[in-house]
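Below is one structure, written out as structure tokens; comments come after it.
Numbering (the UniProt record's numbering), first residue to last: 1 to 151.
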């Protein structure tokens with residue numbers, strides 16, 4: 001990779017990227033997620049030439065991958081049932097997310113509030129995918145990211 005200390009960077013919307021750049025991002029995601037094991041398989045899967053992949057692979061990145069360390073805080077409303085916190089924390093662990101703090105209120109009228117501060121630097125999925133998985137848990141009434149950012 002080139003020395004980037006004196007280069008300028010821009011943040012652009014996905015829809016203005018060329019098709020080859022978008023496919024390069026898709027191929028990189030396939031490789032990173034382990035869905036394919038080689039560059040050849042990745043470019044074949046997204047219908048991209050290897051030369052285009054090599055041209056753009058060190059130049060285009062998802063915005064979230066630029067931030068080296070990310071901490072988010074999520075506020076959840078949970079039904080008060082046995083094992084709910086354990087199931088929630090298992091989802092966090094399965095997503096390779098590091099728990100920094102947990103705060104749970106005493107359940108009142110069958111509901112408890114939980115606030116999680118999480119280091120998502122090594123997370124194995126997209127943040128929106130993770131939040132949606134949390135929301136699909138049958139005991140989660142709501143899940144909202146209340147803060148996010150880099151240290």
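Beta carbons: idealized from backbone N, C-alpha and C, even for Gly.
Nothing here was measured: the structure is a model prediction, and the numbers come from that model.
Nearest-angstrom Cα distance between residue 117 and residue 139?
Position 117 of the chain shown holds residue 117. Position 139 of the chain shown holds residue 139. The alpha-carbon atoms of residue 117 and residue 139 are separated by roughly 20 angstroms.
How many angstroms separate the CA atom of residue 16 from the CA atom of residue 56?
Start at 1 with the first residue of the chain shown, and residue 16 comes out as number 16. Start at 1 with the first residue of the chain shown, and residue 56 comes out as number 56. Roughly 15 angstroms between the two C-alpha positions.
Pairing CB atoms from the stretch 80 to 88 with CB atoms from the stretch 43 to 63, are three or more of them under 8 angstroms?
Taking 8 angstroms as the limit for Cβ pairs, the verdict is that the stretch 43 to 63 does not touch the stretch 80 to 88.
Determine the direct distance from the alpha carbon of residue 60 to that of residue 12, and round the result to whole angstroms.
Here residue 12 refers to the residue found at position 12 of the chain shown. Here residue 60 refers to the residue found at position 60 of the chain shown. The straight-line gap from Cα to Cα measures roughly 10 angstroms.
According to the Cβ coordinates, are residue 73 and residue 115 closer than 8 angstroms?
What you label residue 73 is simply residue 73 of the chain shown in a count that begins at 1. What you label residue 115 is simply residue 115 of the chain shown in a count that begins at 1. A contact, by the Cβ cut-off of 8 angstroms.
In this structure, how does DSSP classify residue 59 when only helix, strand and coil are distinguished?
By one-based count along the chain shown, residue 59 stands at place 59. It is coil, neither helix nor strand.
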